[in-house]
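Protein chains in written order, with the working numbering: chain A, 5 to 198; chain B, 1175 to 1330. Everything below concerns the one structure shown next.
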Amino acid sequence: MDPSRTDLSQADDALVLRAQNADHDAFGELVNRHQRRVWMVCRQYVGVGEADAAAQDSLIKAFTRIGDFDRRAAFSTWLTRIAINTCLDELRRRRREAVVDEGPDGDDEPNLLNRVPDGDVGPEGRSMQKQAVASLAAQEKKLPPRQREIFRLRFYAEMELEEIATVLDVHVGTIKTQLHRAVHKLREDLGAYR
Amino acid sequence: MKTHLEENELTAVVAGLELEAAAEEHLGSCVSCRRQVSAMRDVIDARRGDLEDEAPDWVRQRREIMSQLPPAPAVRPMRRSPWTRPLLAIAAVLVAAVGLRALWTPAPTADPGVISELPVEQILAEVDAMLADDSIPGFELIDQGMDDVIFENGAS
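What follows is the structure, encoded as structure tokens:
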């Protein structure tokens, strides 16, 4: 864990202690700090339409159960686990697949990455990047569910590898392997090879 | 000097995984390899930016969450130490064993060979003698003649 995350985690602990004693202001500060990540996690599982409701549900559950938080993991990790469980419960309830496939479909563009310009991009460059982004969104769907889940938690929810391992209850080595495969596949699909 | 990074090394850099020192050193000095890494990362960052554009109004979301919170968190159930469960099981087995033994063991019977230490016969004889005597000890008349005087005065 990098130093800034350690500081954040220590500051979280003080707020958690107050929230455990029914201090709503302290919990409000925890919401401020973590609502973006919680929403982004929910976004990956239930889709944009349900992400807000799932995120709210997760944060309310977190307050209700904050007495169970025993500091064995960081608060953010514990909260992310609640968010994932909330989403999976919702998905089970709706009998949908574990990770929602949604978002714009892009055409498979060969060598798209090579055509994305560096630095200050003009209108044509932005258009190229839009195509690459659309293609990435499409290619993500073709990843095996576990790889897709890990890729999204790593890059969109911006979680550390150890945190992902904790919330998914798998060894960090497995996370590294799966993430490497996912990135490799996406680079291949987006045309990193000449 | 290392040549350009291998595909698996480029992938590792994009994924944020650790590299060998030589590969790290090469990446620091090779524009071509860095360009390949940044091209992929830029696309991922742009995709994350697109997702963030869909995010709700955080202030509104926070307000809604706070309005739905219960007054206090749920009461935390008492957590037992890990060793209390086997200890309780052992105690239950012991209690059950003692109870079963008490049920199955016959009640002790009086031993005819045992003789009371009290002089029972002597006590019974004294009680019989007291019952046979009509007079009440301590209440006998001191002067028998007084009995007649009292009788006469009472009759007049």
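Cβ atoms here follow ideal geometry from the backbone N, Cα and C, with glycine treated the same way. These figures come from a predicted structure and were not determined experimentally.
Where residue i sits in the DSSP three-state scheme
i	result
residue 1244 of chain B	coil
residue 161 of chain A	coil
residue 1178 of chain B	coil
residue 1262 of chain B	helix
residue 76 of chain A	coil
residue 231 of chain A	Residue 231 of chain A lies beyond the residue range present for chain A, which begins at 5 and ends at 198; the question has no answer from this structure.
residue 149 of chain A	helix
residue 1211 of chain B	helix
residue 69 of chain A	coil
residue 1302 of chain B	helix
residue 1238 of chain B	helix
residue 1257 of chain B	coil
residue 107 of chain A	Residue placement at residue 107 of chain A is poorly supported in this model, since its pLDDT is 44, which falls under 50; the coordinates are not used for a value here.
residue 1273 of chain B	helix
residue 170 of chain A	helix
residue 175 of chain A	coil
residue 181 of chain A	helix
Cα-Cα separation between residue i and residue j, rounded to whole angstroms
i	j	result
residue 1191 of chain B	residue 31 of chain A	34 Å
residue 55 of chain A	residue 1268 of chain B	55 Å
residue 1298 of chain B	residue 1304 of chain B	10 Å
residue 136 of chain A	residue 1255 of chain B	55 Å
residue 175 of chain A	residue 1273 of chain B	50 Å
residue 1120 of chain B	residue 1291 of chain B	Outside the modelled stretch of chain B, which goes from 1175 to 1330, sits residue 1120 of chain B, for which no answer is possible.
residue 1228 of chain B	residue 1261 of chain B	55 Å
residue 110 of chain A	residue 26 of chain A	Below a pLDDT of 50, predicted positions are generally treated as unreliable, and residue 110 of chain A, at 36, falls in that range; the measurement from the model is reported next regardless. Cα to Cα, residue 110 of chain A sits roughly 48 Å from residue 26 of chain A.
residue 194 of chain A	residue 1212 of chain B	14 Å
residue 67 of chain A	residue 1203 of chain B	49 Å
residue 1177 of chain B	residue 1199 of chain B	11 Å
residue 179 of chain A	residue 1221 of chain B	21 Å
residue 22 of chain A	residue 28 of chain A	8 Å
residue 191 of chain A	residue 149 of chain A	17 Å
residue 177 of chain A	residue 93 of chain A	27 Å
residue 40 of chain A	residue 133 of chain A	25 Å
residue 13 of chain A	residue 1188 of chain B	26 Å
residue 1214 of chain B	residue 1257 of chain B	53 Å
residue 1263 of chain B	residue 24 of chain A	33 Å
residue 1217 of chain B	residue 88 of chain A	26 Å
residue 1238 of chain B	residue 64 of chain A	10 Å
residue 189 of chain A	residue 1186 of chain B	12 Å
Residue burial classification, residue i (beta-carbon count within 10 angstroms, cutoff 16)
i	result
residue 17 of chain A	exposed
residue 164 of chain A	buried
residue 43 of chain A	buried
residue 82 of chain A	buried
residue 145 of chain A	exposed
residue 138 of chain A	buried
residue 1248 of chain B	exposed
residue 62 of chain A	buried
residue 1276 of chain B	exposed
residue 90 of chain A	buried
residue 1302 of chain B	exposed
residue 1300 of chain B	exposed
residue 1196 of chain B	exposed
residue 84 of chain A	buried
residue 158 of chain A	buried
residue 143 of chain A	buried
Residue i: CB within 7 Å of a non-hydrogen atom of the ligand ATP
i	result
residue 1292 of chain B	The ligand ATP is not among the ligands present in this structure, which contains no ligands whatsoever.
Near-chain A residues of the segment 1202-1231 of chain B (beta-carbon distance less than 8 Å), N- to C-terminal order: 1209, 1210, 1212, 1213, 1214, 1216, 1217, 1218, 1220, 1221, 1222, 1224, 1225, 1226, 1228, 1229 and 1230
Spell out a yes or no on whether the segment 165-172 of chain A and the segment 52-71 of chain A are touching, meaning 3 or more CB-CB pairs, one atom from each, closer than 8 Å. no
Are the segment 139-155 of chain A and the segment 1238-1247 of chain B in contact at 8 Å, needing three or more beta carbon pairs? no
Could you tell me whether the segment 35-49 of chain A touches the segment 1223-1243 of chain B, where touching means 3 or more Cβ pairs closer than 8 Å? yes
Using a Cβ-Cβ cut-off of less than 8 Å, give me the residues of the segment 1177-1206 of chain B that come near chain A, in sequence order. 1181, 1182, 1184, 1185, 1186, 1188, 1189, 1190 and 1191
Inspect the CB distances between the segment 180-195 of chain A and the segment 69-87 of chain A and report whether three or more fall short of 8 Å. no
Output, in sequence order along the chain, the residues in the segment 1232-1245 of chain B whose CB is closer than 8 Å to any CB in chain A. 1232, 1235, 1236, 1238, 1239, 1240, 1242, 1243, 1244 and 1245
Taking a cut of 8 Å between CB atoms, which residues from the segment 1255-1284 of chain B lie near chain A? none
Against chain B, which members of the segment 25-58 of chain A pass a CB distance test of less than 9 Å? 25, 26, 28, 31, 32, 35, 36, 39, 40, 43, 44, 47, 48, 52, 55 and 56
If the cut-off is 8 Å on Cβ atoms, which residues from the segment 60-84 of chain A count as contacting chain B, listed in chain order? 60, 63, 64, 67, 68, 69, 70, 71 and 72
At a CB distance below 9 Å, what residues from the segment 141-155 of chain A approach chain B? Give them in sequence order. 141, 144 and 155
What residues in the segment 171-187 of chain A have a beta carbon less than 7 Å from any beta carbon of chain B? 180, 183, 184 and 187
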